[in-house]
Amino acid sequence: MQRTLSIIKPDAVARNLLGAICVRFEQAGLAIVAARMMHLTREQAEGFYAIHRERPFFKDLVEFMRSGPILVLILEGDEAVRKNREIMGATNPAEALAGTIRHDYAETIDANAVHGSDAPETAQQEIEFFFEQDEIFSRN
Ligand code: RTP
Ligand code: MG
């Protein structure tokens, strides 16, 4: 059993896709064990994406992530990190496989509907960034 962090990004929240995206997680066998809707401050957005600080797209990424409310989730299940990345699809929706969230719902590489942790270690860090232990409701 593994946990991963998912964010439904401002573009998907604005387009009323919360339900459609959460269904994908549950149908893939991932349980939502924590949820928090919030509007990131600049400090929070910069902190969360600190690993990308030197990248040319950093400023746009931070602005986009603060452009509206997001839904932050912890997903739990077998191989949660890998499974979530698989159902999200490629970063650039134009390259995402049919049937993935980004193929079906995302519009651009910036407004790409969802975030998902890229490894178990980063999942742990990202979960701690947003949640206290008593906000997590494991199914196990
Ligand atoms: P995420 O972290 O949001 O789950 O996405 P990812 O792993 O698929 O992609 P990553 O390389 O971690 O990049 C983080 C986010 O930055 C934006 N990005 N823009 N313009 C660009 O070339 C570019 N590259 C990345 C995307 O919104 C990506 O989700
Ligand atoms: Mg990433």
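Residue numbers 10 to 149, in our numbering, belong to the letters of the sequence shown in order.
Glycine included, every Cβ here is placed at the ideal spot set by N, Cα and C.
Cβ-Cβ separation, residue j to residue i (assumed contact under 8 angstroms), whole Å
i	j	result
I60	I136	About 16 angstroms separates the two Cβ atoms, so there is no contact after all.
I79	L49	7 angstroms
E116	D20	7 angstroms
Exposure label - residue i; buried when at least 16 CB within 10 Å
i	result
I110	buried
P65	exposed
A146	In the sequence under discussion, the amino acid at residue 146 is Phe, which differs from the Ala named in the question. F146 comes out exposed.
V150	Since the first residue of the chain shown is 10 and the last is 149, residue 150 is not available in this structure.
F138	exposed
R12	buried
K68	exposed
N101	exposed
Unbroken alpha helix (DSSP H) run spanning residue i, endpoints
i	result
L70	67 to 74
I16	First-last for I16: 11 to 17, but that is the beta strand (DSSP E), not the alpha helix (DSSP H).
G108	Per DSSP, G108 belongs to no alpha helix (DSSP H) and is neither H nor E.
A59	No alpha helix (DSSP H) holds A59; DSSP gives it neither H nor E.
R33	27 to 36
A128	No alpha helix (DSSP H) contains A128, which DSSP labels as neither H nor E.
Endpoints, the beta strand (DSSP E) within which residue i is located
i	result
G86	79 to 86
Touch test, the stretch 65 to 78 against the stretch 101 to 111, Cβ-Cβ under 8 angstroms, three pairs minimum: As far as the Cβ criterion goes, the stretch 65 to 78 does not touch the stretch 101 to 111, which means the pair count is below three.
Three or more C-beta pairs below 8 angstroms linking the stretch 126 to 135 and the stretch 24 to 32: Not touching, per the Cβ criterion.
Residues whose Cβ lies closer than 7 angstroms to any heavy atom of the ligand MG, in chain order: Result: H124, D127.
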